[in-house]
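Chains as they are written, first to last, in this note's numbering: chain A, 37 to 305; chain B, 11 to 201. All C-beta atoms in this analysis are idealised placements derived from N, C-alpha and C, irrespective of residue type, glycine included. From a predicted model like this one, the values you see are computed outputs, not experimental measurements.
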Amino acid sequence: MISDQELNILLEDIYRHYGYDFIGYSKASLIRRVKRICNMDKFGNLTELRHRLFEDDSYVKRFIEELTVNVTEMFRDPSFYRALRQEVIPALATKPFIRIWHAGCSTGEEIFSMAILLEEANILDKALIYGTDLNATVLENVKRGMVPLDQMKKYSENYIASGGQQDFSSYYTAHYGQAKLLSRLTDKVIISTHNLVSDSSFNEFDLIICRNVLIYFNKDLQERVLQLFESSISTLGFLALGSKETIRFSAIDGNFRKLNQEKIWRKTK
Amino acid sequence: MEKNEIRSKLVVIGGSAGSLPFLFEVLPRIYSPIQFSILIVLHRMAGTDSNLEALLRSKCSIPIIEVEDKLPLQDGYIYLAPADYHLLIEEGRSFALDDDEKIHFSRPCIDVTFQSVAQAYGSRATGILLSGANEDGTLGMASIRKYGGLAIVQNPASAQMPVMPQSAIDLGHYDRILGIEQIVSFLNEQV
Ligand SMILES: C[S@@+](CC[C@H](N)C(=O)[O-])C[C@H]1O[C@@H](n2cnc3c(N)ncnc32)[C@H](O)[C@@H]1O
């Protein structure tokens, strides 16, 4: 058992030692992750984990990567992508140049889905997609454009449910158990590590997508990140969150209008 | 306020295959308002039964809310775990969602929520494990008991799929085995 207090001490020590700030994360989820790390790396208790973490500087990278949850899918929540197709893409299409930011993009499945939407609307050429994550290792996959082949059946169903009408398998080629996305789908993607806790805005965007990242943050940290997004979205730009996340309790709510049933808002001020 | 929160009770109900008929029979018969809260964690197919909330709502007088991230828990409500996330209780008694890998092929996983409820509510937690075709929930029941809460299993004979309640019984992680009528009475006796 790890108590909230033990976790707090661990997080503060990590921050002091290494500068990684997880203090504003939701505790319930982090405790599960720390236990999981103890199991995987065979630490009998928190003291053993602490010993390794603070005596062996090379271990922290692994620790941080395992602490965050990187689960992702292509076209997850098809109704969300349907709404993007119908209500967001047409607005983006009127722009001479389109900038999209996927914050917390993990291994890129969400970016690949977006690139397909842009491609089908014939606007991929004038778009730039920025993919950022705290975890440098997951980002390596974004440029490679690889997805486990055994997931493609499910993703193909998601794609169709989202309103996709092309042959989904025309977007990738199979390579040793992996599906490799066509390079034109990843050519317009720029990746960079970016920590939503501590880094600031780096551009202005027409659409920011940050799904299933805020659930790991406490309310104060969520507010900080939402303000960062607000200041990085152009007027009449869009913000999209995960299906159980909301800006309703945030100060930025007043400057956004919710578009539809999905978690998509448009900046009005 | 702080004190009130600590005195609140939570009944957490876990179910899988075959548990919906049970809920449709039991929930409408709980007298409204309730002085505690109920949390329902079901194995659901993402996207397929998204109107479950509306369905339950149409049959119950107790307000039903599908949980969103960081929603605070309040007495008097029935909360429904959303499909495709694990559901945890965060410090200060709000809900937290987690996208982590599936467990027992399920997200939400009943064990995960029961364990989290056990830690947050201690002796004020009751777990009820319903019909289902796998063993999810058994460890959760063990944890509810370990932290001083009460663990109730649906009588496997009355369950469409007995595996889930039977698994908790086989390992001894339960306090009571109750049929549908007894569970209704139990819930109506909670204050
Ligand atoms: C569950 S994944 C979500 C992936 C994708 N957006 C989706 O919904 O399918 C959460 C991602 O957020 C990233 N993350 C966690 N904390 C972060 C932070 N402080 N800054 C940037 N990314 C973070 C994790 O590394 C992980 O890749």
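### Beta carbon proximity, S65 (chain A) to chain D, threshold 7 Å
Absent here is chain D; the protein component of the structure consists of chains A and B.
### Task
Consult DSSP for R98 (chain A) and reduce its assignment to one of helix, strand or coil.
helix
### Query
Is it the case that the CB of G60 (chain A) approaches a heavy atom of ligand 3 more closely than 6 Å?
No copy of ligand 3 occurs in the structure displayed; its ligands are ligand 1 alone.
### Query
Does the beta-carbon of G55 (chain A) have 16 or more other beta-carbons within 10 angstroms, so that it is buried, or is it exposed?
exposed
#### Entry: Cutoff 8 Å; reference K13 (chain B); Cβ partners in own chain excluding five residues on either side
Low local confidence applies: a pLDDT of 40 at K13 (chain B) is under 50, so the model's placement there is unreliable, with the coordinate-based value given in what follows. Excluding sequence neighbours, K13 (chain B) sits near nothing in its chain.
### 7 Å CB neighbourhood of E281 (chain A) in its chain, flanking five on each side removed
L250, I251 and K299
### Message
By alpha-carbon positions, which one of B:G102, B:V122 and B:G137 ends up nearest to M151 (chain B)?
### Response
B:G137
### Message
Looking at the secondary structure, which residues open and close the alpha helix (DSSP H) in which P310 (chain A) lies?
### Response
Limits of chain A in this structure are 37 at one end and 305 at the other, which puts residue 310 (chain A) out of reach.
### Query
With DSSP run on the structure shown, which of helix, strand or coil describes C246 (chain A)?
strand
### Task
Just the chain A side, please: which residues come within less than 8 Å of A64 (chain B) by C-beta, in chain order?
Correct list: empty, because the minimum Cβ distance to chain A is about 13 Å.
### Task
Please specify which runs of the alpha helix (DSSP H), each continuous and at least 4 residues long, are wholly inside the stretch 145-171 of chain A, giving them in chain order.
145-156
### Message
Please state the DSSP three-state secondary structure of N14 (chain B).
### Response
Low confidence applies to N14 (chain B): its pLDDT is 43, below 50, so where it sits in the model is not reliable, and the reading given next is rough at best. Residue state, collapsed to three classes: helix.
### Query
Once you ignore the five residues that flank N291 (chain A) on each side, which residues in its own chain have a CB closer than 7 Å to its CB?
E266, K303, T304 and K305
### Message
For the alpha helix (DSSP H) containing D180 (chain B), name the first residue and the last one.
### Response
V173 to D180
### Task
Check whether the stretch 59-78 of chain A touches the stretch 38-51 of chain A, taking contact to mean three or more Cβ pairs, one atom from each stretch, closer than 8 Å.
yes
### Query
Nearest to I159 (chain A) by alpha carbon, out of A:A129, A:C141, A:P184 and A:R260?
A:A129
### Query
Hey, is D289 (chain A) close to ligand 1, as in C-beta under 6 Å from one of its heavy atoms?
no
### Query
Cβ of E281 (chain A) less than 7 Å from any chain B Cβ?
yes
### Task
Report yes if the CB atom of F32 (chain B) is closer than 7 Å to the CB atom of Q200 (chain B), and no otherwise.
no
### Task
Report yes if the C-beta distance between I73 (chain A) and E102 (chain A) is below 7 Å; otherwise report no.
yes
### Query
Out of curiosity, what's the CA-to-CA distance linking S236 (chain A) and I59 (chain A)?
18 Å
### Message
Let me confirm a value: Y131 (chain B) is counted as buried when at least 16 other C-beta atoms fall within 10 Å, else exposed. Which label applies?
### Response
buried
### S195 (chain B) - partner residues in DSSP beta bridges
According to DSSP, which records beta bridges pairwise, S195 (chain B) is partnered with nothing at all.
### Task
Name, please, each residue of chain A whose Cβ falls closer than 7 Å to the Cβ of I99 (chain B).
A64
### Task
Taking only the alpha-carbon atoms, compute the straight-line gap between L181 (chain B) and T148 (chain B) and give it to the nearest angstrom.
8 Å
### Message
Is the separation between the beta-carbon of K1 (chain B) and that of K255 (chain A) shorter than 7 Å?
### Response
One cannot answer for residue 1 (chain B) here, as it falls past the ends of chain B, which runs 11 to 201.
### Query
Can you find a CB in chain A that lies within less than 7 Å of the CB of E12 (chain B)?
Because E12 (chain B) carries a pLDDT of 41, less than 50, the predicted location of this residue cannot be relied on, and the following value inherits that uncertainty. Judged by the 7 Å Cβ criterion, E12 (chain B) is not in contact with chain A.
### Whole-angstrom distance between V225 (chain A) and K162 (chain A), CA atom to CA atom
12 Å
### Message
By the 7 Å beta-carbon criterion, what residues does the stretch 82-98 of chain B contribute toward chain A?
### Response
P92, Y95 and L98
### Task
Taking L250 (chain A) as the query, report the chain B residues whose CB atoms sit under 8 Å from its CB, ordered along the chain.
D79
### C-beta contact flag for L37 (chain B) and C70 (chain B) at 7 Å
yes
### Query
According to a CB-to-CB cut-off of less than 7 Å, which residues of the stretch 109-139 of chain B neighbour chain A?
D109, D110, E111 and S126
### Task
Say whether chain A places a C-beta atom closer than 7 Å to the C-beta of A106 (chain B).
yes
### Test: K255 (chain A) CB closer than 7 Å to a CB of chain B
yes
### Message
Does A64 (chain B) come out as helix, strand or coil in the three-state DSSP assignment?
### Response
helix
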